[in-house]
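One structure is given here, and the rest of the page talks about it.
There are 2 protein chains.
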Amino acid sequence: MKKIFGNAVVGQSGGPTAAINATLAGVVRGVLDNGKTIAKLYGMKNGIEGLLQEDLIDLSAFFAGSAEKLCILEQTPAAALGSCRLKLPKPQDDAAFYERLIAIFKKYDIRFFFYIGGNDSMDTVAKLTAYLETSDYEMKVMGIPKTIDNDLLGTDHTPGYGSAAKYIAVTMQEVLRDCAVYRIPAVTIVELMGRDAGWLTAASAVGRITGGMEPDYVYLPECVFDLDKFLSDVKSALARHPNVVVAVSEGVCFANGRYVGEGSQSGATDKFGHAYLAGVGKVLECAIRESIGCKVRSLELSLPQRCAAHLASDTDLTESAGVGKAAVLAACSGVSGEVMAIARASGEQYIVSYEHHPASSIANGVRKVDPEFCVPEGNNVTDSFCRWLLPLIQGEREMQYQNGLPVHLTF
Amino acid sequence: MKKIFGNAVVGQSGGPTAAINATLAGVVRGVLDNGKTIAKLYGMKNGIEGLLQEDLIDLSAFFAGSAEKLCILEQTPAAALGSCRLKLPKPQDDAAFYERLIAIFKKYDIRFFFYIGGNDSMDTVAKLTAYLETSDYEMKVMGIPKTIDNDLLGTDHTPGYGSAAKYIAVTMQEVLRDCAVYRIPAVTIVELMGRDAGWLTAASAVGRITGGMEPDYVYLPECVFDLDKFLSDVKSALARHPNVVVAVSEGVCFANGRYVGEGSQSGATDKFGHAYLAGVGKVLECAIRESIGCKVRSLELSLPQRCAAHLASDTDLTESAGVGKAAVLAACSGVSGEVMAIARASGEQYIVSYEHHPASSIANGVRKVDPEFCVPEGNNVTDSFCRWLLPLIQGEREMQYQNGLPVHLTF
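These protein sequence lines are chains U and H, in that order. Just so you know, the first sequence maps onto residues 639 to 1049 in the working numbering. Just so you know, the second sequence maps onto residues 639 to 1049 in the working numbering.
This is the structure we're talking about:
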């Protein structure tokens, strides 16, 4: 692996998380620590979109000598550099697009490219890497994963997931307390994010192993959803106690593959062709009202799942920063075309290390919840899942507040 | 005012808040400090409903010598004793109901009655007081307000409001950051609680005076909602920047008095005859999609507004406990039939004191947002509102966590 010298650029892409800026802080620290290899770090505003417009920030200057600013960056939710959802063309379809990029890299002597994002962003890393193999421009390209969905391949878990899981786990404890105050039979349906994988919804159950409360049932996209079975589950829970709470993923599907929430939506899709989903909670609320007739309500935890930085997991923030810094170290030592990952050591103690895998093997795959984490009945997660999750939500960072509100960083 | 001696009972009623247990802790502390007047404190499970079934807990024994337990109680959301929504009959309509209550009071030598609740609970206090005036049973009855809605008369603000407002203010900052990451024109509608008064929705704007962000517009039930004006507001905001965020109260009404969200609901009412509301966000989302056609989404902050104890305002918790303790002191000194209130001293410095007013003057009234807190255009709040609110959301209590989740108390 040949070592090179020059400037670096970092961008953020895809949906925000509470920890994506911790990764950015990790990249900044990595660059500041490797001044012999990387002279200057640029930040692209709004990912590749901003890079194409040369909308760049000199992050080396911005953060020079200010550890304080980096701490504030770490506690700021959503992509501080801005994000985009630009899907790159295939190199063989649009070489001119890549030539434009290379011209910009040359202009700023950018020899290191760090892209923090989810599945679609790792596709950007894979395509840029593929193009560079056909070009004589030498650049190291590293993908650094972030997604609250935890659905990336090749990593024990994704940076950003632990904080989202902690928000869900804590909020579910609070909602369960709220629901427990009345004696009137009532069903509360909590709809959680997770289009293709149930990792977020599964997090709602973790109170079970900590002496807390847990929802009666948990429905993940990994298990076929059967409406009759669901109503029978709810009835049996109502027979046990008056306050029934179920957690359900937005992505649950019937046996025919149709989303349960699909009936309530327009069938619109986003730029990547993902079906636009919302409303499984409302669909199930109506079904319970019609067939059981008890008090019922549904709620979505919605955007705070991905941006509630005030409740970030300290473990997640530490790892998110760690993986960013490790990406810089890897690139400086000559690695390219790889995506960072978190490896967990086997054994009782929670120990992680940072590694990397070829972007081409990661991009566009979806990691589902492991089958052994779902109960055979398909209506809950196992204790083994809760034990797997628990280390990821550990620790509360002491956040800086001013005037009663958390301090956030803006560029 | 004649002083009496005996036992006390405390209950919680109405919707939960993040601070209702801090008030319970204040009552416990007040009783423990006044052992010469009050021998024992009972807790009614599920308010008056539990009292009628003699479902009582000996709180004096439970908390004896455990300051730790009281701290955990203070950070536990939702009514730890359980709640109810039992509306008491009028004394003249059902004397037998009150005779049953008096028999239970006599059986347990209960001479002090503390009821922590919202508007409907203060109605309970007023009715019980009215009945006692016709009875020879001597008992001191005190109402202690709690409601996230801040819509009680006679108090500068209600215990519980500050924490809900802090949750909304912090979450709005995070949502605004989240919405700011893309360059694509998009409208985000955040629907907030508040059936009759806009205090909660108004809290979304406070970032304006703290150097934070603020929604483009804020719509309260106090101002007539005009759909054309709303769409024109949104269009003018989109002309200024791509990421438009508006906050809207669930209770906004058209000029004809109909709820904007009404079209999407069944018209069902709750036990107190309040219209069941939800869905103004979805109604406005559809209106924007149809008439403007840009990307649009709506979200409800939902139950966490009233149960997110992990983000409680330290000021609110302190005052909520303080007002509970002050209620005990007042009752021990002979006061009865009154509802506690928080008075704010005039002047720049934030100083509060606890006072009390006759329950009959408080119950069933609704305190709207002051007209001078709304801009003349009816689509935002004034800076003076933000300055009024700011002291109430100050301070973050160091919460006890275990295994990554906040510790909660259960009886």
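Backbone N, C-alpha and C define an ideal beta-carbon position, used for all residues, glycine too.
Item: Does aspartate 816/U come within less than 8 Å of chain H when only Cβ atoms are used?; Value: yes
Item: Mind pulling the alpha helix (DSSP H) runs of 4 or more residues that sit fully within the stretch 679-728 of chain H?; Value: 685-690, 697-701 and 705-712
Item: Residues of the stretch 802-815 of chain H in Cβ contact with chain U at a cutoff of 7 Å, in chain order, please.; Value: Lys804, Ala807, Val808, Thr809, Gln811, Glu812, Val813 and Arg815
Item: Since phenylalanine 700/U and phenylalanine 1049/U should fall inside the 8 Å C-beta cutoff, what is the C-beta to C-beta distance between them, to a whole number of angstroms?; Value: 7 Å
Item: May I have the straight-line CA-CA distance separating asparagine 672/H from valine 961/H, to the nearest angstrom?; Value: 15 Å
Item: How close, in whole Å, do the beta carbons of alanine 619/U and glycine 781/U come, if the pair is a contact with beta carbons under 8 Å?; Value: For residue 619/U there is no data in the structure shown, the boundaries of chain U being 639 and 1049.
Item: Leaving aside the five residues before and after alanine 667/U along the sequence, list all residues of the same chain whose C-beta is less than 6 Å from its C-beta, in chain order.; Value: Looking at the sequence provided, one finds arginine at residue 667/U rather than alanine. Answer for arginine 667/U: Lys963, listed in chain order.
Item: In this structure, does DSSP put tyrosine 769/H in helix, strand or coil?; Value: helix
Item: Can you name, in chain order, every residue of its own chain whose Cβ lies under 7 Å from the Cβ of threonine 796/H, other than the five neighbours on each side?; Value: Pro783, Lys784, Thr785, Asn788 and Leu790
Item: Measuring straight from C-alpha to C-alpha, what distance separates isoleucine 686/U and glycine 653/U?; Value: 14 Å
Item: Can you name the start and end residues of the beta strand (DSSP E) that arginine 982/U belongs to?; Value: 976-982
Item: State yes or no: is the C-beta of isoleucine 806/U within less than 8 Å of the C-beta of leucine 830/U?; Value: yes
Item: Taking just the CA atoms, how far does arginine 738/U sit from serine 773/U?; Value: 13 Å
Item: I want to verify the contact list: residues of chain U whose CB lies under 8 Å from the CB of histidine 948/H, in sequence order.; Value: Val808, Glu812 and Leu949
Item: Measure the Cβ-Cβ separation of leucine 1047/U and threonine 714/U and say whether it is below 8 Å.; Value: yes
Item: Run through the DSSP bridge pairs and tell me what glutamine 650/U is partnered with.; Value: Ile754/U
Item: Kindly list, in the order they appear in chain U, the residues whose Cβ is closer than 8 Å to that of histidine 795/H.; Value: Correct list: empty, because the minimum Cβ distance to chain U is about 14 Å.
Item: With burial defined as no fewer than 16 other Cβ atoms inside 10 Å of the residue's Cβ, what is the status of serine 951/U: buried or exposed?; Value: buried
Item: Would you say glutamine 1032/U reaches chain H, if we count a Cβ-Cβ gap shorter than 8 Å as a contact?; Value: yes
Item: Pull up the distance between the alpha-carbon of valine 856/U and that of aspartate 794/U, whole angstroms please.; Value: 22 Å
Item: Anyone know if the C-beta pair for glycine 919/H and isoleucine 827/H falls short of 8 Å?; Value: yes
Item: From phenylalanine 1011/H to alanine 841/H, what distance separates their C-alpha atoms?; Value: 11 Å
Item: Determine the burial state of tyrosine 988/U: buried for a count of at least 16 other Cβ atoms within 10 Å of its Cβ, exposed for fewer.; Value: exposed
Item: Below 8 Å between beta carbons: does that hold for leucine 697/U and glutamine 650/U?; Value: no
Item: Counting only beta-carbon atoms, is alanine 843/U nearer than 8 Å to chain H?; Value: no
Item: Out of Glu1034/U, Arg944/U and Val1019/U, which has the shortest C-alpha to C-alpha gap to alanine 716/U?; Value: Arg944/U
Item: Rounded to the nearest angstrom, what separates leucine 814/U and valine 882/H at their Cα positions?; Value: 33 Å
Item: In this structure, does DSSP put threonine 907/H in helix, strand or coil?; Value: Its pLDDT being 44, under 50, threonine 907/H is placed unreliably in this model, and the value from its coordinates should be taken loosely. Strand at threonine 907/H.
Item: At least one CB of chain U closer than 8 Å to the CB of glutamine 1040/H: is that the case?; Value: yes
Item: Using a Cβ-Cβ distance cut-off of 8 Å, determine whether asparagine 684/U contacts chain H.; Value: yes
Item: Can you give the Cα-Cα distance for alanine 802/H and threonine 809/U, rounded to whole angstroms?; Value: 14 Å
Item: Have a look at the DSSP bridge pairing and note the partners of tyrosine 1131/H.; Value: Because chain H in this structure spans residues 639 to 1049, residue 1131/H falls outside the shown range and cannot be described.
Item: Give the DSSP-derived three-state secondary structure of glutamine 1040/U in the structure shown.; Value: strand
Item: So for cysteine 932/H, helix, strand or coil by DSSP?; Value: coil
Item: If the cut is a Cβ gap below 8 Å, which residues of chain H does histidine 1046/U touch?; Value: Gln811, Arg815 and Gly850
Item: Compare the beta carbon distance of glycine 836/U and proline 859/U with 8 Å and say whether it is the shorter of the two.; Value: yes
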